[in-house]
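Asks: Take any residue in the sequence shown, count from 1 to its spot, add 367: that is its number in the working numbering.
For glycine and all other residues, C-beta sits at the position ideal for the given N, C-alpha and C.
Since the model is a prediction, treat every value here as computed from it, not as a measurement.
What follows is a structure written as structure tokens; I'll ask about it next.
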Amino acid sequence: MTQVIYGVDMGTSNIKLYNINTEEILNEKNIIAIKNKNNVFEFGDFGFEMYEKAPENIVVTFPIKNGVIADLVNMETLFTCFFKKINKGKIVTGADFCISVPTDITEVEKRAFFDVIMDAKIKARKINVVEKPIADAIGVGINIDSPRGNMIINVGADTTEISIISMGGIVLSKLIKTGGNKFDEAICNYVRKKHNLIIGMRTAEKAKMALADAFFDEDDGKTFTVYGRNIVSGLPTGKQIGRQLIYDAIAEHMGSIIDNIKVILERTPPELAADIIDTGIYLTGGSASVKNFDRLISKETGLGVNIVDKPSETVIRGLKTIVSNPEYKDVMYVPREKQYK
């Protein structure tokens with residue numbers, strides 16, 4: 368019988384699972400709604416529909432914050448729910464797993480991703496982890512065994528991971544706490560400041576998707592109507608906002624990402640820097656889809672920028688390749704045993 372293998376990418380905003388037998392990739396919101404403290408009411412995309420709308424007896428949370436697991440118990444429960452979903456309601460025991468983990472976090476935080484599956488009562492046979500930038504590079508299509516240097520920038524929900532890869536290893540990596548959620552928070556704050564209007568994060572995200580532009584030339588007149596509560600009157604109301612407001616709101620966070628890219632480039636060995644000039648920067652992650660983000664990075668660094676199709680799924684595509692090809696077995700490892708009890 369062929370061994371069942373799963374790839375797992377637990378992101379702050381979305382979780383992605385890959386089943387090698389069915390070739391299916393499950394990509395849903397990494398969110399869970401708990402009713403009366405201990406009952407799973409909803410999860411995933413359906414759970415996200417309840418975000419900022421649920422009554423007091425239903426708590427809707429994202430178990431992962433800033434790229435690391437903040438709520439291990441709910442993450443284990445949520446993973447089990449998704450695992451059942453990708454297996455059509457069944458619990459498959461004795462399977463192998465390959466999980467992606469950020470590089471620039473502690474060993475304890477890396478081990479937590481391992482523990483989610485180990486403690487989820489699904490009787491996993493073997494669990495390996497892969498550094499997320501390596502899976503990202505493979506998903507992009509980079510030959511990681513080449514001595515050439517490659518720079519990958521993964522802009523996620525809460526974090527941005529900037530990495531230099533060469534010879535199958537990570538030369539430099541930096542994780543900064545700036546991403547799509549920070550853009551949404553900034554939009555909420557800016558709308559409140561400019562229009563005395565309190566809006567939710569979901570509304571801010573929709574406005575960002577409609578209007579966000581990292582390289583603002585001129586206002587094209589396009590607007591988006593946001594709805595919320597007026598601070599002065601206390602009544603619900605709507606307001607049309609334009610590209611200028613969104614640009615002003617997220618400009619500081621964009622600048623922070625650019626500054627950190629420059630820091631990594633300054634620390635990159637000259638020979639690898641020469642390779643990056645030739646190959647360009649690879650931009651991945653869900654927030655890489657902000658309009659003209661590549662253009663902004665190119666202008667500020669003087670380097671070419673490559674954007675791939677479905678940048679939010681490059682890591683899980685990399686895991687798919689890793690679990691499907693024995694030649695990549697050396698990029699997987701088991702994290703250190705618990706030495707922190």
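(1) Quick one: using the 10 Å Cβ neighbour count with 16 as the cut-off for buried, is I644 buried or exposed?
(2) Leaving aside the five residues before and after D661 along the sequence, list all residues of the same chain whose C-beta is less than 6 angstroms from its C-beta, in chain order.
(3) According to DSSP, is P693 part of a helix, a strand, or is it coil?
(4) What's the gap between the Cα of D642 and the Cα of L670?
(5) Please say whether Y695 and I505 have beta carbons closer to each other than 8 angstroms?
(6) Where does I458 land, buried or exposed, given buried means 16+ other C-beta within 10 angstroms?
(7) Taking DSSP as the reference, what is the three-state secondary structure of I644?
(8) Near G609, what residues of its chain come up, given a Cβ to Cβ distance below 6 angstroms and the 5 sequence neighbours on each side ignored?
(9) By the 10 Å Cβ neighbour count, where 16 or more other Cβ atoms means buried, how is S533 classified, buried or exposed?
(10) Mapping the DSSP letters down to three states, classify E638 as helix, strand or coil.
(11) Looking only at its own chain, which residues have a Cβ that is under 7 angstroms from the Cβ of K402, when we skip the five neighbours before and after it?
(12) Please classify F429: is it buried, with 16 or more other beta-carbons within 10 angstroms of its beta-carbon, or exposed?
(13) Are the beta-carbon atoms of A502 and S530 separated by less than 8 angstroms?
(14) Going by other Cβ atoms of all chains shown within 10 Å of its Cβ, with 16 needed for buried, is F413 buried or exposed?
(15) Rank I566, D463, M621, L686 by C-alpha distance to the C-alpha of K658 and give the top, closest one.
(16) Helix, strand or coil: which one does DSSP assign to K575?
(17) Would you call the stretch 628-638 and the stretch 565-576 touching, i.e. three or more CB-CB distances under 8 angstroms?
(18) May I ask you to report which of helix, strand or coil DSSP gives E564?
(19) Beta-carbon within less than 8 angstroms of I496's beta-carbon, same chain only, minus the 5 sequence neighbours each way: which residues are those?
(20) When you compare only the Cα positions, how much space is there between I566 and Y614?
(21) Does DSSP put M699 in a helix, a strand or coil?
Replies: Taking the structure as given:
(1) exposed
(2) L650, V672, I674
(3) helix
(4) 11 angstroms
(5) yes
(6) exposed
(7) helix
(8) D586, T590
(9) buried
(10) helix
(11) F408, N424, I425
(12) buried
(13) no
(14) exposed
(15) M621
(16) helix
(17) no
(18) With the sequence shown as reference, residue 564 is identified as Leu, and Glu is not the correct amino acid for it. Three-state DSSP puts L564 in a strand.
(19) Note that residue 496 corresponds to Val in the displayed sequence, not to Ile. These residues qualify, in order along the chain: C465, I466, S467, V468, K477, F480, F481, M699, Y700, V701, P702.
(20) 17 angstroms
(21) coil
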